[in-house]
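Each residue of the sequence shown is one higher than the last, beginning at 1 in UniProt numbering. Glycine included, every Cβ here is placed at the ideal spot set by N, Cα and C. As structure tokens, the structure follows; a few thoughts come after it.
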Amino acid sequence: MPNTHHLHDHERAARQSLIDHCRAMNASGLSLNKSGNASIRWRDGLLITPTGRSYDRLLPEDIVFLHADGQCPPGQLLPSSEWRFHCDILQAFPDMNAVVHVHSTHATALACLGEEIPAFHYMVAVAGGDRIPCTDYATFGTPELSASIMQALQGGLRACLMGNHGQVSTGISLSAAYALAEEVENLARQYLLARSLGHTRNLSAEEMAVVVEKFKTYGQQARPE
Numbered sequence: 001m002p003n004t005h006h007l008h009d010h011e012r013a014a015r016q017s018l019i020d021h022c023r024a025m026n027a028s029g030l031s032l033n034k035s036g037n038a039s040i041r042w043r044d045g046l047l048i049t050p051t052g053r054s055y056d057r058l059l060p061e062d063i064v065f066l067h068a069d070g071q072c073p074p075g076q077l078l079p080s081s082e083w084r085f086h087c088d089i090l091q092a093f094p095d096m097n098a099v100v101h102v103h104s105t106h107a108t109a110l111a112c113l114g115e116e117i118p119a120f121h122y123m124v125a126v127a128g129g130d131r132i133p134c135t136d137y138a139t140f141g142t143p144e145l146s147a148s149i150m151q152a153l154q155g156g157l158r159a160c161l162m163g164n165h166g167q168v169s170t171g172i173s174l175s176a177a178y179a180l181a182e183e184v185e186n187l188a189r190q191y192l193l194a195r196s197l198g199h200t201r202n203l204s205a206e207e208m209a210v211v212v213e214k215f216k217t218y219g220q221q222a223r224p225e
């Protein structure tokens, strides 16, 4: 672990990118105040936002480095209370390099009902499957919460709702994970609006499989940062 007072330019930029994305979460309303957190894969571990600090006060030196197993080298701030599922996701899915967790309003509303987002719109496939599942509730920061998220993300899914809590999205880069979190919130808002008018006309698993496949080659493919 390098001395954080003598950060190399590349690491300083990576830490600043985490701060910038978290400030954007606040500005957009995706997550308010100190709620939410983000991480990126870094060397043999990850960089993650610290717990209980306002994003507008964060400096690159405040970002916390964790080893892959969650061990926190001394001399740093405490990591986000949700560090465990960040570590577990990045260990389990080597093709994913970033994790964004937010308490966005509409996704959280659905999560408080314990409801997933079904295939009411083809864009649900942006998360990698024919639905965006919702986990059971577990206390924040616990192994039980991490285990429920890991179970929900099986089968190539890149996002899920967290029961009575919020949402978590992953990506090949921090910008991709952030964009997916935005899309999950957008889909949750659309789904709640549609549901207020009646039952949604959901697409078949077969059609969603077609869309998932088409999305693999759609547009400009994101590259790791």
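Would you identify the three-state DSSP class for residue i, choosing helix, strand or coil?
i	result
Leu59	coil
Leu66	strand
His10	helix
Gly155	helix
residue 226	For the chain, the structure presents residues 1 to 225; residue 226 sits outside this window and is missing.
Gln76	coil
Leu192	helix
Arg84	helix
Gln220	The pLDDT assigned to Gln220 is 49, lower than 50, so where the model puts this residue is not dependable; a value taken from the coordinates is nonetheless given after this. Gln220 falls in the coil class under three-state DSSP.
Ser54	coil
Measure from the alpha carbon of residue i to the alpha carbon of each residue in the options, then state which is nearest.
i	options	result
Thr135	Gly163, Leu197, Gly198	Gly163
Ser146	Leu30, Arg84, Asp20	Arg84
Arg41	Tyr122, Val210, His86, Tyr137	His86
Leu78	Leu59, Arg53, Arg57	Arg53
Ala24	Gly198, Ala209, Val102, Arg43	Val102
Arg189	Thr108, Lys34, Arg43	Thr108
Arg43	Leu110, His10, Leu161, Arg57	His10
May I have the straight-line CA-CA distance separating residue i from residue j, to the nearest angstrom?
i	j	result
Glu225	Ala127	For Glu225, the predicted model reports a pLDDT of 48, less than 50, meaning its position is unreliable; a value from the coordinates is still stated below. Cα-Cα distance, rounded: 20 Å.
Gln154	Ala27	31 Å
Arg195	Leu32	26 Å
Ser81	Ile149	15 Å
Arg15	Leu157	26 Å
Leu66	Arg12	16 Å
Ser46	Ala38	The residue asked about is misnamed: residue 46 is Leu in this sequence, not Ser. In a straight line, the C-alpha of Leu46 is about 10 Å away from that of Ala38.
What distance in whole Å lies between the Cβ atoms of residue j and residue i, which are believed to be in contact at a cut-off of 8 Å?
i	j	result
Asp62	Pro50	6 Å
Should the segment 171 to 183 be regarded as contacting the segment 93 to 105, the criterion being three or more beta carbon pairs within less than 8 Å?
Short answer: they touch.
Validate contact between the segment 114 to 130 and the segment 71 to 80 using beta carbons, cut 8 Å, 3 pairs:
no
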